[in-house]
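Just below is one structure, and these are the notes that go with it.
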Amino acid sequence: MVAVFLSPLIFVAYTSLVGDHGFSLAYYGEILTEPLYRRVAEISFEISILATICTLVVAYPIAYHLAKRTPRQRALLVILVLLPFWTSILVKSFAFTVLLGRAGIVNTMLGALGLGPLPMLFNRTGVMIGLTHFLVPFMVFAILPSLLSQPPELRRAAELMGAGRIRIFCAVTLPLSLPGVVAGLLICFILALGTFVTPALLGGRTDLMIANLIDFHIHETLDWNLGSALAVLLAVITAICALAISRIRGGNLFGHT
Amino acid sequence: MEERRLRTLPSFLASTAAWLAYVFLVLPSLIVVPMSFGDKDEFVFPPHSLSLYLYRRYFFESTWMQVTVQSLVVGLCSMIGALVLGCGAAYGLDRYQFPGKRALTLFLLSPIFVPAIVIALGLYLYLGRFHLVGTTPGLIISHTIITMPFVIISVSAGLRHVDRDLETAAMVMGASRLLIVRRVTLPLLRPALVAGGLFAFLISFDEVVIAYFISNVQTQTLPVKMYSTIHWEISPVLAAVSTLMSLLSLSVCLFVAFLQRNEQR
Numbered sequence: 001m002v003a004v005f006l007s008p009l010i011f012v013a014y015t016s017l018v019g020d021h022g023f024s025l026a027y028y029g030e031i032l033t034e035p036l037y038r039r040v041a042e043i044s045f046e047i048s049i050l051a052t053i054c055t056l057v058v059a060y061p062i063a064y065h066l067a068k069r070t071p072r073q074r075a076l077l078v079i080l081v082l083l084p085f086w087t088s089i090l091v092k093s094f095a096f097t098v099l100l101g102r103a104g105i106v107n108t109m110l111g112a113l114g115l116g117p118l119p120m121l122f123n124r125t126g127v128m129i130g131l132t133h134f135l136v137p138f139m140v141f142a143i144l145p146s147l148l149s150q151p152p153e154l155r156r157a158a159e160l161m162g163a164g165r166i167r168i169f170c171a172v173t174l175p176l177s178l179p180g181v182v183a184g185l186l187i188c189f190i191l192a193l194g195t196f197v198t199p200a201l202l203g204g205r206t207d208l209m210i211a212n213l214i215d216f217h218i219h220e221t222l223d224w225n226l227g228s229a230l231a232v233l234l235a236v237i238t239a240i241c242a243l244a245i246s247r248i249r250g251g252n253l254f255g256h257t
Numbered sequence: 258m259e260e261r262r263l264r265t266l267p268s269f270l271a272s273t274a275a276w277l278a279y280v281f282l283v284l285p286s287l288i289v290v291p292m293s294f295g296d297k298d299e300f301v302f303p304p305h306s307l308s309l310y311l312y313r314r315y316f317f318e319s320t321w322m323q324v325t326v327q328s329l330v331v332g333l334c335s336m337i338g339a340l341v342l343g344c345g346a347a348y349g350l351d352r353y354q355f356p357g358k359r360a361l362t363l364f365l366l367s368p369i370f371v372p373a374i375v376i377a378l379g380l381y382l383y384l385g386r387f388h389l390v391g392t393t394p395g396l397i398i399s400h401t402i403i404t405m406p407f408v409i410i411s412v413s414a415g416l417r418h419v420d421r422d423l424e425t426a427a428m429v430m431g432a433s434r435l436l437i438v439r440r441v442t443l444p445l446l447r448p449a450l451v452a453g454g455l456f457a458f459l460i461s462f463d464e465v466v467i468a469y470f471i472s473n474v475q476t477q478t479l480p481v482k483m484y485s486t487i488h489w490e491i492s493p494v495l496a497a498v499s500t501l502m503s504l505l506s507l508s509v510c511l512f513v514a515f516l517q518r519n520e521q522r
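Residue numbers (my numbering), protein chains in the order written: chain A, 1 to 257; chain D, 258 to 522.
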């Protein structure tokens, strides 16, 4: 049995090693000193952090709403979250080009309200909307367990002691859900950092992210070494975040027992 | 009265926010449906008249069908690969204790968290050595690797529900290890296998970044074709393709939910 899964293990190990193949520290030096790479790294971090925060703002109400339903209602509503989760990123990107374009549906509606067309596609806004949409399900599934595991007696006790709803939320629900929120933030951050499709399809020329730069080096300039060095950096950042998540969840990275 | 309103206002706001968020989530998946019934090669919403024109273009233009078949082949083959390897790995991890087990688990599941672009690059350089870049076997190997973790998770969860006493009983009655796995464990795991396999298929069918690196013009998959179409010449046929793909996702999603409900009963 060990042999059965040892072969893919060796395979993956070898593959990951080959990703590192042929670099010397000079390439990393180039990445760190060259303004273009610094710029792309900054943009990537900026977009990822902002998108992660937007995701939290959208996802927390959903998780909170789901946590308060009966199991039966929850099962139905979860489908609304699972549907975009299982929808191809390309379907979503296509839908957003239709929705957000200059003559798109959102701008047509804004025009009817007397507002000028807003540029929402092929710029930072497009990337933010697309990324947030992509990340929300992950955040919901990170937060939901930490909300569901709170014993209802806690709320009742707080209610009996005369706390209002906002007070209960701020003093009981929110602090207890923080581990889920932090895990969700980290998960979304690493997912955002590695995205390739969304910035390529919804972003403008100046919204190049790390993944797109890697693609550029592999397909256009054929500078595999630089591309690999970038990929290794990206993987290292991801690994650090993944370790942090696993710490939060008591050594369990994937959140199931 | 005043107090009552104060109590309900926050929760009203909370559920409004939640519903707005649901709409935001589902809208893109739904918007492509009316678009797909448009009757011309242009983007007008809502379409002037309903027709199946775009579907006809999708089904009868050879390139679209070709990439769809390619995606189905790659999806099915990598699903089988992921099921076989993932099932073995999950069984080994669940039933045997050995040093480095946690590290191995983390490692086997790592394709979920490592950015797709990093995996794509690793595979591109690695498979390139064996001249497998641009070939269908190369695609299948790549997709087997990235879908296997999902099978492992699904089967591991299933194994935890399998009644160990049944296996012990079979062993007491003199069945060999292999016979037990074949006659007792695997049939009990069927729901987990079906769910894991379906997800593996769906992930392979939707995957674009790795396929974009590994395939070439002759072996490109449906998502790669969609990607380049959106990138270069947004065509309304995409609406029909997108609708069909959403439909596929939805039916798999509902089917698995249905399976799980049956299992719980």
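We put the beta carbon where it would ideally sit given N, CA and C, even for glycine. Computed from a predicted model, the values in this text were never measured in an experiment.
- A residue is called buried when at least 16 other Cβ atoms come within 10 angstroms of its Cβ; residue 464(D) meets this threshold and is buried.
- For the 7 Å CB-CB criterion, residue 188(A) and residue 138(A) form a contact.
- Following the DSSP letters along the chain, one finds residue 107(A) inside the alpha helix (DSSP H) bounded by residues 105-112.
- One thing to note: residue 506(D) has its Cβ no nearer than 7 Å to the Cβ of residue 453(D).
- Linking residue 518(D) to residue 37(A) through their CA atoms gives a straight-line distance of about 50 Å.
- When DSSP states are grouped into helix, strand and coil, residue 407(D) belongs to the helix group.
- Taking the CA atoms as reference points, residue 379(D) sits about 46 Å from residue 116(A).
- In the assembly as shown, residue 161(A) is an exposed residue. Its beta-carbon has fewer than 16 other beta-carbons within 10 Å.
- Residue 517(D) sits in a helix when the DSSP states are folded into three classes.
- Considering only 50(A), 63(A), 122(A) and 49(A), the residue with the shortest C-alpha distance to residue 276(D) is 63(A).
- For residue 452(D), no Cβ of chain A is located within less than 7 Å of the residue's own Cβ.
- Closer than 7 Å to the CB of residue 267(D) there is at least one CB belonging to chain A.
- Taken residue by residue, none of the region 321-338 of chain D has a beta-carbon sitting less than 7 Å from a beta-carbon on chain A.
- Less than 7 Å divides the Cβ of residue 194(A) from the Cβ of residue 372(D).
- Listed by position along chain A, the residues whose Cβ is nearer than 9 Å to that of residue 471(D) form an empty set, because the closest Cβ is around 12 Å away.
- The beta carbon of residue 286(D) falls within 7 Å of a beta carbon belonging to chain A, placing the residue at that interface.
- The shortest CA-to-CA distance from residue 376(D) to any of 45(A), 237(A) and 231(A) is the one to 231(A).
- Distance between residue 172(A) and residue 367(D), taken at the CA atoms: about 34 Å.
- Residues of chain A whose Cβ lies closer than 8 Å to the Cβ of residue 428(D) do not exist; the shortest such Cβ separation is about 16 Å.
- Taking a C-beta distance under 7 Å as the contact criterion, residue 331(D) and residue 282(D) do not qualify as a contact pair.
- Within its own chain, the residues whose Cβ lies closer than 7 Å to the Cβ of residue 241(A), once the five positions on either side in sequence are excluded, are 186, 189 and 190, listed in chain order.
- In this structure the region 339-349 of chain D does not touch the region 425-437 of chain D; the number of beta carbon pairs closer than 8 Å is below three.
- Between residue 132(A) and residue 41(A), the CB-CB gap reaches or exceeds 7 Å.
- In terms of CA proximity to residue 443(D), 418(D) leads the group 475(D), 461(D) and 418(D).
- Chain-order list of chain D residues neighbouring residue 87(A): 286, 503 and 506, by C-beta distance under 7 Å.
- DSSP, read as helix, strand or coil, puts residue 463(D) in helix.
- Neighbourhood of residue 279(D) in chain A, by CB distance below 9 Å: 62, 65, 77, 80 and 81, in chain order.
- For the 7 Å CB-CB criterion, residue 294(D) and residue 307(D) form a contact.
- Residue 82(A) is positioned such that its CB atom lies closer than 7 Å to that of residue 510(D).
- Counting only runs that start and end inside the region 57-118 of chain A, there is no beta strand (DSSP E) element of at least 3 residues.
- The beta carbon of residue 167(A) sits closer than 8 Å to the beta carbons of 158 from its chain, once the five residues preceding and following it are set aside; these are given in chain order.
- For the region 431-464 of chain D, the set of residues with a beta-carbon nearer than 7 Å to any beta-carbon of chain A comprises 459 and 463, in chain order.
- Between the alpha carbons of residue 273(D) and residue 58(A) lies a gap of roughly 11 Å.
- In the assembly as shown, residue 266(D) is an exposed residue. Its beta-carbon has fewer than 16 other beta-carbons within 10 Å.
- Around the beta carbon of residue 475(D), fewer than 16 other beta carbons sit within 10 angstroms, so the residue counts as exposed.
- Shown in chain order are the members of the region 89-105 of chain A whose Cβ falls below 9 Å from a Cβ of chain D: 89, 90, 91, 92, 93, 94, 95, 96, 97, 98, 99, 101, 103, 104 and 105.
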